[in-house]
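Inspection log for the structure reproduced underneath, given as structure tokens.
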Amino acid sequence: MATKRSEKASKEAETKSKELKESEIFASCSFSSLGLQVALCDQLRGLSLSLSHCTEPRCRLVNAATGTGKTVAYLAPIIHHLQGDQPRVQRSDGTFALVLVPTRELCMQVYEILQKLLHRFHWIVPGYITGGENRSKEKARLRKGISILVATPGRLLDHLKNTTSFLHTNLRWIIFDEADRYSLNPTNAGLYDLLGSRKKGHVGKENADSYNSKPQRQNVLLSATLNEKVNHLAKISLENPVMIGLDDKKIQPVLSFKGLGSNVNDEFEHPVKSTSSSIGDFRVPDQLVQRYVKVSCGSRLAVLLSILKHLFERGTSQKIVVFFSTCDAVDFHYYLLSAFKFSAYSQPDEELRQMFVRCKTFRLHGNMKQEDRRTTFQAFKTENLSLLLSTDIAARGLDFPEVRFIIQYDSPGEATEYVHRVGRTARLGERGDSLLFLQPVEVDYLRHLEKHGISLTEYPLLKVLDSFPLYNEKNYAKKVLTLEFHPWVLLVQKALESFILSEPTIKNLAKDAFCSWVRAYTAHRGELKRIFMLKKLHLGHVAKSFALKEQPSLVGQSFQKQTKKRKRDEKQRGLSKKRKFVRSRQWLNEWKLGVRDLNRSIAFEWFICSGPKQLHMPKVLFRVQE
């Protein structure tokens with residue numbers, strides 16, 4: 001009996017080991033087998049995380065699907081090396097590791113993970129600097145010393161230029177998280193100094209012996225989408241890198257990285273060559289179900305709300321993220337979903353007091369105050385039944401627990417943005433769904449995604465719409481084959497338009513959202529400009545997608561406010577310029593200049609007034625003609 005049990009346990013262990021080996025996400029090795037310090041391994045086990053990363057001090061180019069634990073993969077080796085330094089690292093030694101991230105929210109997320117990993121290593125000080133924070137407080141923290149610094153590029157460059165107490169001469173690691181978002185150019189002198197210090201020719205006053213005695217700089221680039229920007233950045237910053245997650249067959253022999261040369265400008269003139277397949281195929285989780293829905297412009301809003309209603313009524317604990325192209329669109333849909341009440345029945349009346357979409361709604365975009373953005377980010381992570389309306393600011397690297405559905409209401413444009421949007425779900429092996437809204441004239445976008453190895457299936461929308469009960473019209477609804485004339489869609493659209501008419505504030509938000517959406521739609525470039533063409537759309541139908549019965553003026557209210565404010569400020573500063581030009585004999589007579597001969601050359605002296613100053617332009621000669 002005991003023999004059978006042992007054989008069964010042995011088979012189960014072999015099966016589990018085989019599954020781990022076949023997994024592309026999780027490594028079959030343990031933390032201790034990676035050579036990490038015992039206390040750090042215990043801390044990682046407590047966080048229930050998985051790690052597959054070597055600890056050799058070499059540059060790396062990492063391509064991994066979203067949600068596979070890249071953050072811990074680059075933070076753990078840094079902590080492993082710093083905790084083993086003798087004597088111990090101190091705050092006065094300055095910054096040893098720099099982590100660059102593209103957004104403020106991702107900066108806070110990486111910082112929180114770093115704090116958890118450093119729980120047992122109190123002498124290693126973490127810190128962050130990001131836009132929207134108090135610069136004086138950040139400068140004080142940098143003066144005291146930060147061992148591992150997480151930063152956004154703009155604020156980092158600011159402190160490199162203006163904070164003399166920022167000590168980074170001992171820098172040993174530079175991490176570029178979401179590397180495809182960075183576009184280095186020769187104007188970023190601060191970052192070039194950091195990258196250039198890897199070569200002996202860029203060490204500065206230190207001699208070669210002291211340089212060789214220090215650990216070699218390690219630069220790491222990580223992204224789920226490899227493109228020319230990553231290729232270019234790798235050429236500049238990496239020297240003989242280790243390729244992780246890349247198919248060697250897709251990389252040409254000419255793809256080599258020699259690091260920074262003596263002339264930085266030469267690196268820009270000769271970018272690294274690579275095949276399109278090596279930078280064109282993107283990695284998405286296998287457990288992600290990708291679908292699309294084809295909806296005409298006038299029915300988009302009613303369909304979106306219907307799908308949200310269906311999803312939240314189906315699950316008791318669910319989180320959904322909806323992506324929009326503009327901040328104004330996020331604001332409009334946020335206030336609409338927070339106030340819109342509707343019932344498909346004429347009775348009972350208590351139905352009218354219930355929200356159409358019953359969940360906690362949040363919004364996130366770049367025009368919000370930093371404190372509001374941080375509060376929203378934390379609140380959405382803790383809520384069970386919640387909806388987040390966001391721009392692409394939430395598409396990069398952010399880890400929202402238990403997000404099961406991603407809806408891309410506005411097209412992401414580039415395939416890279418599509419990959420990062422859907423990457424907010426199906427993280428760490430969990431199942432997830434994504435839904436892409438397309439108009440009938442935009443179906444060619446599916447072929448654009450297929451070029452990058454991304455295929456989508458159609459979402460059963462009519463089945464979802466038929467599931468909603470209609471008062472005395474349920475049998476008729478089942479016979480409808482077209483989406484535009486579905487009775488549920490018509491009923492919801494009519495209710496939305498009536499609601500907008502009764503709410504002037506939300507109506508103004510709808511007008512601003514309409515104008516900003518049109519501007520964003522015309523901003524597509526390259527091949528996508530042929531797919532997303534504004535002249536293919538009926539702007540009246542676009543207005544219906546914002547529950548407007550009439551098409552508003554394309555000059556948005558926000559633009560008008562900015563124009564009025566600018567003119568008012570100019571008037572106060574006395575910057576209005578008065579220029580008078582004489583074009584005909586009639587005008588000359590009106591100004592009583594006494595011109596008699598039409599073909600006579602006349603000299604004028606005139607002034608341009610600009611506040612208290614005057615520009616004198618004497619004797620401008622011209623010939624007066626009829």
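Just so we're aligned: 89 in the UniProt record's numbering is position 89 of the sequence shown, and the numbers increase by one with no gaps anywhere. Don't be surprised by glycine CBs; every beta carbon is placed ideally from N, CA and C. For clarity, every value in this text was computed on a predicted model and none was experimentally measured.
For Q218, the number of other beta carbons within 10 angstroms of its own is at least 16, and it is reported as buried. P126 is bridged by DSSP to I148. In the DSSP assignment, V403 is bridged to K319.
Assignment of L465 by DSSP, reduced to helix, strand and coil, places it in the helix class.
Straight across, the Cα-Cα distance linking C59 with Q408 is about 35 Å. Nearest in C-alpha terms to A329, of all of E105, A547, R91 and V62, is A547. If you ignore the 5 residues before and after E105, its C-beta comes within less than 6 Å of the C-beta of F377 and L398, all in its own chain and listed in chain order. With fewer than 16 other CB atoms across the displayed protein chains lying within 10 angstroms of its CB, A379 is exposed. Less than 8 Å separates the beta-carbon of S296 from that of Q439. Here the region 386-401 makes contact with the region 419-428; the two share three or more CB pairs at distances below 8 Å. Residue environment for S325: buried (at least 16 other C-beta atoms within 10 angstroms of its C-beta). With respect to the C-alpha of T163, the residue from L301, S237, Y335 and E138 having the closest C-alpha is E138. Three or more beta-carbon pairs separated by less than 8 Å link the region 147-166 to the region 107-115, which places the two stretches in contact. With 16 or more other Cβ atoms inside 10 Å of its own Cβ, D433 counts as buried. When the beta-carbon positions are compared, L387 and T361 come within less than 8 Å of each other. For A547, there is no enclosing alpha helix (DSSP H), as DSSP marks it with neither H nor E.
Residue burial annotation: W123 is exposed, with fewer than 16 other C-beta atoms found within 10 angstroms of its C-beta. In the DSSP annotation of this structure, Q218 is not part of any alpha helix (DSSP H); the continuous beta strand (DSSP E) holding it starts and ends at Q218 to S223. Beyond the five residues adjoining it in sequence on each side, H310 comes within less than 6 Å, by CB distance, of V464 in the same chain, given in chain order. In this structure, the CA atom of V284 is about 15 Å from the CA atom of L222. With contacts defined by Cβ atoms closer than 8 Å, L501 and Y292 do not form a contacting pair. Runs of the alpha helix (DSSP H) spanning 4 or more residues and lying entirely within the region 72-144 occur at 104-117 and 135-144, in chain order. The DSSP-derived three-state label of N162 is helix. Each residue's CA atom was taken as its position, placing Q83 and D286 some 36 Å apart. 8 Å or more divides the Cβ of L456 from the Cβ of L483. By the CB criterion at 8 Å, G366 and I393 fall inside the cutoff. Restricting attention to V230, K319, L301 and Q354, the CA atom closest to the CA of L61 is found in V230. Taking C-alpha positions only, Q318 is separated from G526 by approximately 37 Å.
Boundaries of the beta strand (DSSP E) harbouring K294: L288 to K294, taken from the DSSP string. For L238, no beta strand (DSSP E) segment is defined, and its DSSP state is neither H nor E. Straight-line spacing of the CA atoms in C359 and L167 works out to 48 Å. With respect to V322, L389 sits close: the two C-beta atoms are nearer than 8 Å. Rounded to whole angstroms, the separation of the alpha carbons of R404 and V419 is 16 Å.
Exclusion of the five residues before and after Q551 leaves L539, G540 and A543 as the residues of its chain whose Cβ lies within less than 7 Å of its Cβ.
For V518, the enclosing alpha helix (DSSP H) stretches over residues P504 to Y521.
Boundaries of the beta strand (DSSP E) harbouring R363: K360 to L364, taken from the DSSP string.
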